[in-house]
Amino acid sequence: MHGRDPAPPAVEEKLRTLTARRVRREPMAYILGEREFWGLPFKVSPAVLVPRPDSETVIEVALPLLADRTRAWRLLDLGLGSGCLLLTLLKELPNAHGVGLDVSREALAVAQSNAQALGVADRATLLHGDWREPGWTGPLGGPFDLVVSNPPYIEAGTIEGLMPEVARYEPRLALDGGPDGLDPYRLIATAAPQLMVPGGHLVVEIGEGQAIEITRIFEAAGLRVTAPVKDLGGIDRVLRATH
Ligand SMILES: C[S@@+](CC[C@H](N)C(=O)[O-])C[C@H]1O[C@@H](n2cnc3c(N)ncnc32)[C@H](O)[C@@H]1O
Numbered sequence: 122m123h124g125r126d127p128a129p130p131a132v133e134e135k136l137r138t139l140t141a142r143r144v145r146r147e148p149m150a151y152i153l154g155e156r157e158f159w160g161l162p163f164k165v166s167p168a169v170l171v172p173r174p175d176s177e178t179v180i181e182v183a184l185p186l187l188a189d190r191t192r193a194w195r196l197l198d199l200g201l202g203s204g205c206l207l208l209t210l211l212k213e214l215p216n217a218h219g220v221g222l223d224v225s226r227e228a229l230a231v232a233q234s235n236a237q238a239l240g241v242a243d244r245a246t247l248l249h250g251d252w253r254e255p256g257w258t259g260p261l262g263g264p265f266d267l268v269v270s271n272p273p274y275i276e277a278g279t280i281e282g283l284m285p286e287v288a289r290y291e292p293r294l295a296l297d298g299g300p301d302g303l304d305p306y307r308l309i310a311t312a313a314p315q316l317m318v319p320g321g322h323l324v325v326e327i328g329e330g331q332a333i334e335i336t337r338i339f340e341a342a343g344l345r346v347t348a349p350v351k352d353l354g355g356i357d358r359v360l361r362a363t364h
């Protein structure tokens with residue numbers, strides 16, 4: 122409607138500043154401070170991974186496992202980030218309680234603010250911890266009916282070669298899965314049986330081409346793994362295991 126009107130100088134200046142950030146390849150979600158996930162608004166900052174549509178596959182796989190939506194399910198999210206996985210599940214399961222773990226205090230603050238904005242903070246316990254430390258599972262409580270995780274799974278040596286939006290701006294902690302990208306899965310697999318109720322479920326996001334190796338890791342830990350589930354791009358994206 123106002124395409125021919127001159128922009129007031131303050132607006133022009135603001136637009137130039139925002140555009141310059143995008144030209145330097147900063148992700149839109151960091152510029153806007155928000156990204157939608159599963160139809161819900163999530164605040165994001167450079168301390169958290171930008172929630173991805175691919176990760177909605179984790180929710181799609183997890184929800185049918187907890188078919189009675191009214192039960193007081195106990196949920197655990199390892200590597201909480203913005204909280205998009207755990208907090209979405211808490212929105213969908215009105216009597217569930219969730220524990221979320223992250224090594225980044227800045228990420229926990231973002232997740233806490235999302236929990237409040239989404240009205241699920243009273244059912245979410247967000248904890249600081251590091252799955253590389255001995256005894257890390259102790260403070261989590263449990264056992265849990267469902268454990269979800271989208272851990273860092275990029276091979277450390279390949280991060281610099283990723284698109285600038287990811288390599289330059291997203292937190293290294295959210296990307297770096299060690300030399301072969303699988304370190305977090307090994308630690309999660311070792312801990313999972315004691316974190317899950319008998320018959321409980323583990324649902325994890327995986328990187329392209331990692332399904333066979335992670336299935337092996339989970340089976341060696343005594344878990345039963347089902348066939349990988351593809352994301353909308355046709356890539357194996359989620360593995361489900363039971364205990
Ligand atoms: C790929 S991001 C996923 C965030 C969010 N769950 C999502 O799906 O968008 C992985 C998260 O794991 C956390 N993380 C990385 N190493 C960790 C560790 N050793 N212990 C606990 N959390 C860790 C990172 O800080 C990051 O928030």
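FYI, the numbering for the sequence shown is 122 to 364, going by the working numbering. We put the CB at the ideal spot given by N, CA and C, even for glycine.
Contact set for P172: own chain, Cβ-Cβ below 6 Å, skip 5 residues either direction: R156, F158, F163, S203 and C205
G244 - DSSP class collapsed to helix/strand/coil: What sits at residue 244 in the sequence shown is Arg, not Gly. R244 falls in the helix class under three-state DSSP.
Cβ distance (whole Å) where L332 is taken to contact L170 below 8 Å: Position check: residue 332 holds Ala in this sequence, whereas Leu was assumed. Going by Cβ atoms, the distance from A332 to L170 rounds to 21 Å, so no, they are not a contact pair.
First through last residue of the beta strand (DSSP E) which encompasses R358: D357 to T363 is the extent of the beta strand (DSSP E) around R358.
Under the three-state DSSP convention, the category D304 falls into: Three-state result, D304: helix.
Nearest-angstrom beta carbon gap, E329 and I356 [assumed within contact, 8 Å]: 5 Å
Limits of the beta strand (DSSP E) - the one that S270 falls within: F265 to S270
T191 to N216 span [Cα, whole Å]: 6 Å
Helix, strand or coil at L211 according to DSSP, with G and I counted as helix: helix
Given 8 Å, three or more beta-carbon pairs between the stretch 251–261 and the stretch 178–193: no
Inter-residue spacing [alpha-carbon to alpha-carbon] between G262 and P314: C-alpha separation (whole angstroms): 14 Å.
Close-in-space but distant-in-sequence residues of the same chain around E286 (CB under 7 Å, 5 per side omitted): Taken in chain order, the residues that qualify are R146 and P148.
Cβ neighbours of G354 in the same chain (closer than 8 Å, five flanking residues each side left out): D175
Burial state of G124, where buried means 16 or more other Cβ atoms lie within 10 Å: By the 16-neighbour rule on beta-carbons within 10 angstroms, G124 is exposed.
Check: R173 C-beta below 8 Å from any heavy atom of ligand 1: Yes - ligand 1 has a heavy atom lying nearer than 8 Å to the Cβ of R173.
DSSP-derived helix/strand/coil call for D175: helix
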